Amino acid sequence: MTILRPSEHKGYLSFLALICFVILSFGVSFIFEYNAFASSRSEAQDLTARIVALQSANADLKNAYYEAIAAPNLQPLAVENNLSLDKHPEYLSANLWLSDSTR
Numbered sequence: 006m007t008i009l010r011p012s013e014h015k016g017y018l019s020f021l022a023l024i025c026f027v028i029l030s031f032g033v034s035f036i037f038e039y040n041a042f043a044s045s046r047s048e049a050q051d052l053t054a055r056i057v058a059l060q061s062a063n064a065d066l067k068n069a070y071y072e073a074i075a076a077p078n079l080q081p082l083a084v085e086n087n088l089s090l091d092k093h094p095e096y097l098s099a100n101l102w103l104s105d106s107t108r
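Shown next, in the form of structure tokens:
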């Protein structure tokens with residue numbers, strides 16, 4: 006008489022299938038994480054290049070601004086608009102304090 010035991014190897018097969026599934030899922034998640042890391046590294050390099058370009062443009066704009074407000078460039082503009090240089094401006098000193106209560 007032959008005795009068949011079909012459930013004897015079922016536990017090993019399910020364990021082997023579980024291990025294969027875990028290894029496969031870790032492999033797929035590793036691939037997705039690596040792609041995300043590579044794309045973020047590429048974006049960081051692009052942003053670094055953009056920052057360098059913007060800093061250069063900012064330096065050029067500051068240079069143009071400082072050249073525009075330089076005293077030798079503003080004196081002909083003041084003469085053209087009939088402005089005069091006041092040696093003792095009144096707005097820097099006040100004779101009466103706002104909180105003075107002696108009226």
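Converting from the sequence shown to this note's numbering requires adding 5 to each position, the first position being numbered 1.
Idealized CB from N, CA, C, for every residue including glycine.
None of these values were measured; they are calculated from a predicted model.
Using DSSP with H/G/I as helix, E/B as strand and the rest coil, what is residue i?
i, result
"Pro94", "coil"
"Ala73", "helix"
"Ser89", "coil"
On the premise that residue j lies in contact with residue i, defined as a C-beta separation below 8 Å, what is that separation, rounded to the nearest angstrom?
i, j, result
"Glu72", "Asn78", "7 Å"
Given residue i, which residues of its chain have a CB within under 7 Å of its CB, disregarding the five upstream and five downstream residues?
i, result
"Asn87", "none"
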